[in-house]
Amino acid sequence: MKYIPEKKPIYGETLESLQDRLMEIGEHAFRAKQVMEWLYKKRAHSWESMTNLPAPLRRRLESEFEISPTKRLLAKESTDETEKLLLEMGDKSLIETVVIRAPQIGVGQRDSRKTICISTQVGCAYGCKFCASGLAGWKRDLSVGEIVSQLIHVCHQEDATTERAKEEIASFDNIVVMGMGEPMANYENLLPALRILNAPWGLNFGARRITISTSGIVPKILELADEPEQFRLAVSLHGATNAVREQIMPINKRYPLETLVPAIRKYAETKGRMITLEFILIDSLNDTSEQANALADIALQLNAHVNLIPYNTVAGLDWKRPSIKRQESFYQRLKRANVSATIRREKGHDIAAACGQLKLKVEPIAENG
Ligand code: SF4
């Protein structure tokens with residue numbers, strides 16, 4: 000299903016496309032740069048506030064472009080300082096965007112980055128068995144403007160719900176594309192959106208601080224490897240053999256490990272960057288010593304970092320979180336094999352740990368909030 004809004008979202012425009020449009024309507028191309036400065040540097044909320052643009056041009060732009068394609072319905076801050084934003088699109092579809100401000104603490108690792116986790120689709124067609132985003136299926140792809148405007152919601156200090164947000168929200172360290180949807184399935188809108196975030200006239204956010212998480216769409220991983228930008232890649236593995244991975248990730252039938260692993264290697268080698276393998280630990284499914292050994296083999300082959308995420312038990316889904324003892328034993332087996340690995344133990348932080356885990360991970364926060 001494609002949603003065509005009445006007005007085009009301005010955050011879906013590039014400097015060049017806006018210059019072209021302005022020249023088509025008899026305006027100077029330099030006005031496009033002024034508009035971008037208002038949007039991305041001065042964080043303007045309205046056309047009216049763009050005071051160095053002539054009033055007739057402001058009215059013309061307002062009639063053609065939507066400045067707020069998403070509406071914030073709800074913002075909740077969890078006790079561990081993760082904030083969930085529920086955003087409504089023009090067609091009433093809902094998506095979730097998450098701001099993670101608290102320190103991330105893993106075994107042997109401590110840091111304190113601020114990260115925003117964004118969505119790329121309404122729902123998801125890939126049906127991973129542990130993921131709430133996939134439960135209701137795919138509704139539609141987000142447009143370029145809808146993807147970018149999630150960041151803008153976070154950046155608008157006036158929209159911040161807490162004092163902490165007001166102080167901190169305008170700056171963050173990482174963008175992770177791990178929210179609702181499979182980003183690579185919306186590649187045609189994902190890439191232009193990330194380029195707008197990356198552009199000097201846009202948010203000017205470094206590509207190396209943007210992570211794209213995928214369930215393993217091999218052709219798109221290879222396509223992304225050929226793009227000039229240095230985006231980080233995280234792959235949701237969740238099973239270290241085809242037999243186990245297939246039980247929870249239907250995509251493995253289409254792109255089994257024999258094709259996925261070489262694609263990841265190509266990405267890592269082309270970019271010269273370490274890839275992250277996300278691995279949700281599920282009791283008695285993939286938390287065995289055999290799986291740990293197989294995972295260690297893959298990680299060492301790829302020189303990849305492994306991010307272990309103990310599963311959060313959710314009503315409606317049958318899987319269970321392994322005991323701390325089993326988690327630790329799995330983690331230690333990786334460490335003994337000299338694999339770079341972390342394990343996330345704190346609720347809220349695992350929001351950013353795997354493709355499409357947003358709804359599943361955030362709902363408990365809403366209950367607590
Ligand atoms: S884990 Fe990712 S690919 Fe799988 S259903 Fe969830 S959103 Fe889709």
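Counting from 1, position 5 in the sequence shown corresponds to residue 4 in numbering that gives the first Met the number 0; the numbering is continuous, with no gaps. Note that CB positions come from ideal geometry on N, CA and C, so glycine has one too. Because the structure is a prediction, the values reported are computed rather than measured.
Three-state class that DSSP yields for residue 15 in the structure shown: Looking up residue 15 in the sequence shown gives position 16. Helix at residue 15.
Quick check: the region 190-207 against the region 12-22, are at least 3 beta-carbon pairs closer than 8 Å? yes
Uninterrupted beta strand (DSSP E) stretches inside the region 194-260 (no shorter than 3 residues): 209-213, 231-235
Output yes or no for whether 8 Å exceeds the beta carbon distance between residue 274 and residue 232. Here the question's residue 274 lines up with position 275 in the sequence shown. Here the question's residue 232 lines up with position 233 in the sequence shown. Result yes, Cβ atoms of residue 274 and residue 232 sit closer than 8 Å.
Express the C-alpha separation of residue 124 and residue 369 in angstroms, rounding to a whole number. As displayed, the chain neither begins before 0 nor continues past 368, which places residue 369 out of reach and without an answer.
Residue 376 lies in the beta strand (DSSP E); which residues open and close that run? The chain is shown only over 0 to 368; residue 376 falls outside these bounds and no answer can be derived.
The beta strand (DSSP E) with residue 278 in it runs from where to where? For the purposes of this step, residue 278 is taken as residue 279 along the sequence shown, with counting starting at 1. Looking at the DSSP string, the run of the beta strand (DSSP E) that includes residue 278 is 275-280.
Once DSSP output is grouped into helix, strand and coil, what is the label at residue 122? Position 123 of the sequence shown holds residue 122. Residue 122 falls in the strand class under three-state DSSP.
Alpha-carbon spacing of residue 213 relative to residue 54, whole angstroms: By one-based count along the sequence shown, residue 213 stands at place 214. By one-based count along the sequence shown, residue 54 stands at place 55. Rounded to whole angstroms, residue 213 to residue 54 spans 45 Å at the Cα level.
Where does residue 312 fall in DSSP's three states? Against the sequence shown, residue 312 aligns to sequence position 313. Coil, per DSSP.
Cβ separation of residue 306 and residue 327, assumed to be a contact under 8 Å, to the nearest whole Å: Here residue 306 corresponds to residue number 307 of the sequence shown, with the count starting at 1. Here residue 327 corresponds to residue number 328 of the sequence shown, with the count starting at 1. Not confirmed; about 16 Å, so no contact.
Determine the burial state of residue 145: buried for a count of at least 16 other Cβ atoms within 10 Å of its Cβ, exposed for fewer. Along the sequence shown, one-based indexing puts residue 145 at 146. Buried.
Alpha-carbon spacing of residue 19 relative to residue 27, whole angstroms: Within the sequence shown, residue 19 is the residue found at index 20, counting from 1. Within the sequence shown, residue 27 is the residue found at index 28, counting from 1. Looking at the two C-alpha atoms, the distance is approximately 10 Å.
Taking all protein chains shown into account, decide if residue 82 is buried (16 or more other Cβ within 10 angstroms of its Cβ) or exposed. The residue you call residue 82 lines up with position 83 of the sequence shown. When all chains shown are included, residue 82 counts as buried.
Close beta carbons around residue 224, own chain, < 6 Å, minus the five adjacent residues each side: As a working mapping, residue 224 is identified with position 225 in the sequence shown. The residues are 265, 266, 269.
Sub-8 Å separation of residue 93 and residue 84 beta-carbons: As a working mapping, residue 93 is identified with position 94 in the sequence shown. As a working mapping, residue 84 is identified with position 85 in the sequence shown. No.
In chain order, what residues of the same chain have a beta carbon less than 8 Å from the beta carbon of residue 379, not counting five sequence neighbours either side? Residue numbering for the chain in the displayed model covers 0 to 368; residue 379 lies beyond these limits and cannot be assessed.
Alpha carbon to alpha carbon, how far is residue 33 from residue 44? Give it in angstroms, no decimals. Here the question's residue 44 lines up with position 45 in the sequence shown. Here the question's residue 33 lines up with position 34 in the sequence shown. Rounded to the nearest angstrom, the two C-alpha atoms are 14 Å apart.
If we ignore side chains and look at the alpha-carbon of each, how far apart do residue 172 and residue 132 end up? Along the sequence shown, read from residue 1 onward, the residue named residue 172 stands at position 173. Along the sequence shown, read from residue 1 onward, the residue named residue 132 stands at position 133. In a straight line, the C-alpha of residue 172 is about 25 Å away from that of residue 132.
With a CB to CB cut of under 8 Å and the five nearest residues on each side skipped, what residues in its chain are close to residue 57? As a first step, residue 57 must be located in the sequence shown, where it is residue number 58. These residues qualify, in order along the chain: 46, 47, 49.
Taking the continuous beta strand (DSSP E) assigned at residue 97, which residues delimit it? Along the sequence shown, read from residue 1 onward, the residue named residue 97 stands at position 98. 93-99 is the extent of the beta strand (DSSP E) around residue 97.
Measure the alpha-carbon distance for residue 234 versus residue 24 and round it to whole angstroms. The residue you call residue 234 lines up with position 235 of the sequence shown. The residue you call residue 24 lines up with position 25 of the sequence shown. Those two C-alpha atoms are separated by around 45 Å.
Cβ of residue 247 within 8 Å of Cβ of residue 301? Within the sequence shown, numbered from 1, the residue matching residue 247 stands at position 248. Within the sequence shown, numbered from 1, the residue matching residue 301 stands at position 302. No.
Could you pull the start and end residues of the beta strand (DSSP E) that residue 138 belongs to? In the sequence shown, residue 138 corresponds to position 139, counting from 1. 137-140 is the extent of the beta strand (DSSP E) around residue 138.
Examine the ligand COA and report whether any of its heavy atoms sits within less than 7 Å of the Cβ of residue 125. Because the ligand COA does not appear in the structure shown, any question about it cannot be addressed here, the ligands present being the ligand SF4.
At a threshold of 7 Å, does residue 181 count as lining the ligand SF4 (C-beta to nearest heavy atom)? Here residue 181 refers to the residue found at position 182 of the sequence shown. The answer is yes for residue 181.
For the ligand SF4, is there any heavy atom lying closer than 7 Å to the beta carbon of residue 48? Numbered from 1 along the sequence shown, position 49 holds the residue referred to as residue 48. False, no ligand heavy atom lies under 7 Å from that Cβ.
Grab me the residues of residue 217's own chain with a C-beta within less than 7 Å of its C-beta, minus the 5 sequence neighbours each way, in chain order. Position 218 of the sequence shown, counted from the start, is the residue given in the question as residue 217. Taken in chain order, the residues that qualify are 254, 258, 259, 262.
Quick check: the Cα distance between residue 227 and residue 190, rounded to an integer number of angstroms? Here residue 227 corresponds to residue number 228 of the sequence shown, with the count starting at 1. Here residue 190 corresponds to residue number 191 of the sequence shown, with the count starting at 1. Each residue's Cα considered, the two are about 11 Å apart.
Own chain residues within Cβ distance below 7 Å of residue 51, not counting five before or after: The residue given as residue 51 occupies position 52 in the sequence shown. Hits under 7 Å: 33.
In angstroms with no decimal places, state the Cα-to-Cα distance between residue 158 and residue 271. Walking along the sequence shown from the start, residue 158 turns up at place 159. Walking along the sequence shown from the start, residue 271 turns up at place 272. Unreliable positioning characterises residue 158 in this predicted model, as indicated by a pLDDT of 49, which lies under 50. The coordinate reading is nonetheless provided below. Residue 158 and residue 271: Cα-Cα distance of roughly 39 Å.
Between residue 97 and residue 180, which are expected to be in contact by the criterion C-beta below 8 Å, what is the C-beta distance as a whole number of angstroms? As a working mapping, residue 97 is identified with position 98 in the sequence shown. As a working mapping, residue 180 is identified with position 181 in the sequence shown. The Cβ separation is near 14 Å, so there is no contact.
Helix, strand or coil at residue 343 [DSSP, three-state]: Residue numbering aside, residue 343 sits at position 344 when the sequence shown is read from its first letter. Note: residue 343 maps to strand in three-state DSSP.
Counterpart residues of residue 81 in DSSP-defined beta bridges: The residue given as residue 81 occupies position 82 in the sequence shown. In DSSP, residue 81 forms a bridge with 99.
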